[in-house]
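**Q** Numbering (the working numbering), first residue to last: 17 to 164.
By construction, the Cβ of each residue, glycine as well, lies at the ideal position given by its N, Cα and C atoms.
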Amino acid sequence: MQPKRRSALVIATLASLGACSAATAGGRELVKDGDNYRIAAAVLVGKTARAGQLEIAIQPKGKWKLSIEAPMMIELTTPDSLRISKKQVSKADAVEKTPKILLFRLPFEATRGGEHALGMKFDFVMCTDTLCQKKRFELRYTVKAGRG
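Next up, the structure:
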């Protein structure tokens, strides 16, 4: 059974990356619409208001595919008030890994309710049949945790 999504709890505050679309992808909030990829996220409700899973999806657009062979990483930085199960995530941590999606679910717990800043540094490779591009960029999120 899929955990409930509270995508409204993940608010993207894109640091110097331009505008953000409010569209959703697979129940997730679209937080970066790149030239040949999309980054989407959601917060999955946990057993308490301050715990859950952060879901992150990387999806290519059009004829582009994610390179499953090339290294990839998401590096996370959190304040003391937000604990995430892993600070550095690779393809091995993906719950779904195909040329069309890399999907991660990362358990988290907030020590208090309210807003918590989350930094994410992405590093992955996109390819077509004839060309590959390395993607590196950073996003900042505000994760809102419940008071309970």
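Can you tell me whether Pro-87 is buried or exposed, with buried defined as 16 or more other CB within 10 angstroms of its CB?
**A** Counting Cβ neighbours within 10 Å, Pro-87 comes out exposed, since fewer than 16 surround it.
**Q** Contact between the segment 131 to 150 and the segment 74 to 83 is defined here as three or more beta-carbon pairs at a separation below 8 Å; is this criterion met?
**A** Verdict: yes, contact present.
**Q** Only counting the same chain, and skipping five residues up and downstream in sequence, which positions put a Cβ closer than 6 Å to that of Glu-131?
**A** For Glu-131, where only same-chain residues beyond five positions count, the Cβ hits under 6 Å are Thr-158 and Lys-160.
**Q** In angstroms with no decimal places, state the Cα-to-Cα distance between Gln-59 and Gln-149.
**A** According to the sequence shown, residue 59 is Val rather than Gln. Val-59 and Gln-149: Cα-Cα distance of roughly 29 Å.
**Q** Am I right that Phe-124 and Ala-67 are in contact with their C-beta atoms under 8 Å? What's the rounded C-beta distance?
**A** Sure, about 7 Å apart at Cβ, within 8 Å.
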